[in-house]
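Heads up, the thing below is written out as structure tokens.
Residue numbers (the numbering used here): 1112 to 1477.
Okay, structure coming up:
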């Protein structure tokens, strides 16, 4: 007896007498304790398997074509026509696709084969409740047709790439509810720009520090135009990678960004993390890049020399967190990129319709 409650051993006989609704709730609670537990419960019975599958697919990551194929093969019916068995549960009807509640989805498959789009379109209803999406511009463009025909409206998006930003259409319905966007592209097809996102309040962009001055000034001017064009924007975070604030390149960027820094909504955050890590922080409820930018700006109100000391301590702590973050898990896996400027050694695919030509930066507003 503890705190007025008595612990009773749940015997097989007592379990069999429990109402079915209570058994379902117990199984769901057990499945939600960990992904490993949910996987084990799948083997209890075909009924339990159908029950716990949605828990396993709350967070979906697709890095290769086979990830797409396995996902769709698991969720789609194994037969076109089901034969109800009178005394057997061999032909249990599968769950409706709309009953799955995928909350976060990573689609960074560096492959252009049409079968990927067809497979994803066949399970489109599972993404109707999506709240967070990390996707390459190439994947977004490839799957745009079927995405337009389903109510898929994430609130947070990461637009990444593998070497060079790809154009997207910011008029697409998938952007209607996006409030937080970390993007590698600020302009798109049909003269669309991020200023066309009706719900956008928090924006983040990034580039490498070692850019030619002409391109760097173009980036800075574009950021200033974004601040001017996006009336509803509450925060624009510009992220770069610096180990110390004494870096001459950091001081140079401060000079180039003077026009942006005059706007209270703008934050220059020298605390870059690879997009994989940013995504992990977001999904697992840790501090996001916008949280870190807000804390960085709060320290800016402190007088020198304490301000520089506190900023450096923040950079040192972040460096330790980056070192502790797991490296790529497979030799085929590539690091996502989110740089506004095409990588210098990027070699585009021959059939790429969004070829940019020479390496450089294209302003979002001309």
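For each residue, glycine too, the CB sits at the ideal point set by N, CA and C.
Pair within 8 Å by beta-carbon distance, residue i and residue j
i	j	result
residue 1351	residue 1381	yes
residue 1335	residue 1370	yes
residue 1298	residue 1448	no
residue 1479	residue 1360	Nothing about residue 1479 can be read from this structure; the chain reaches only from 1112 to 1477.
residue 1454	residue 1275	yes
residue 1162	residue 1135	yes
residue 1295	residue 1451	yes
residue 1378	residue 1346	yes
residue 1280	residue 1300	yes
residue 1209	residue 1239	yes
residue 1146	residue 1213	no
residue 1234	residue 1176	no
residue 1223	residue 1242	no
residue 1179	residue 1142	no
residue 1368	residue 1331	yes
residue 1394	residue 1215	yes
residue 1249	residue 1355	no
residue 1237	residue 1187	no
Spatially closest choice to residue i from the options, by CA coordinates
i	options	result
residue 1284	1294, 1266, 1275, 1273	1266
residue 1357	1426, 1133, 1134	1426
residue 1268	1386, 1402, 1328	1386
residue 1211	1226, 1228, 1183	1183
residue 1308	1317, 1343, 1295	1343
residue 1339	1317, 1374, 1237	1374
residue 1436	1353, 1225, 1389	1389
residue 1293	1228, 1384, 1420, 1355	1384
residue 1174	1227, 1327, 1397, 1406	1227
residue 1430	1337, 1164, 1256, 1353	1353
residue 1131	1270, 1399, 1159	1159
Which of helix, strand or coil DSSP assigns to residue i
i	result
residue 1348	strand
residue 1245	strand
residue 1270	strand
residue 1315	strand
residue 1392	helix
residue 1304	strand
residue 1207	coil
residue 1185	helix
residue 1152	helix
residue 1229	helix
residue 1330	helix
residue 1143	coil
residue 1278	coil
residue 1096	This structure leaves residue 1096 out entirely; the chain is present only between 1112 and 1477.
residue 1343	coil
residue 1202	Its pLDDT being 44, under 50, residue 1202 is placed unreliably by the model, and the measurement read from it follows with that caveat. Here residue 1202 sits in coil by DSSP.
residue 1354	coil
residue 1284	helix
residue 1122	coil
residue 1235	helix
residue 1135	helix
CB-CB length for residue i against residue j, believed under 8 Å
i	j	result
residue 1246	residue 1278	That belief does not hold up - the Cβ atoms of residue 1246 and residue 1278 are roughly 14 Å apart, past 8 Å.
residue 1348	residue 1315	4 Å
residue 1432	residue 1439	The pair is not a contact, with the Cβ atoms about 17 Å apart (cut-off 8 Å).
residue 1260	residue 1401	At roughly 31 Å, the Cβ-Cβ gap does not stay under 8 Å, so residue 1260 and residue 1401 are not in contact.
residue 1403	residue 1410	In fact, because the Cβ distance is near 11 Å, the residues do not count as touching under 8 Å.
residue 1166	residue 1149	5 Å
Residue i: first and last residue of the uninterrupted beta strand (DSSP E) it sits in
i	result
residue 1378	1377 to 1380
residue 1447	Counting along the chain, residue 1447 falls outside any beta strand (DSSP E), and DSSP gives it neither H nor E.
residue 1291	1291 to 1294
residue 1218	1215 to 1218
residue 1172	1170 to 1173
Start and end residues, alpha helix (DSSP H) containing residue i
i	result
residue 1297	Note, residue 1297: premise wrong, no alpha helix (DSSP H); not H, not E.
residue 1371	1369 to 1372
residue 1402	1400 to 1410
residue 1166	1157 to 1167
residue 1418	1417 to 1435
residue 1256	1255 to 1258
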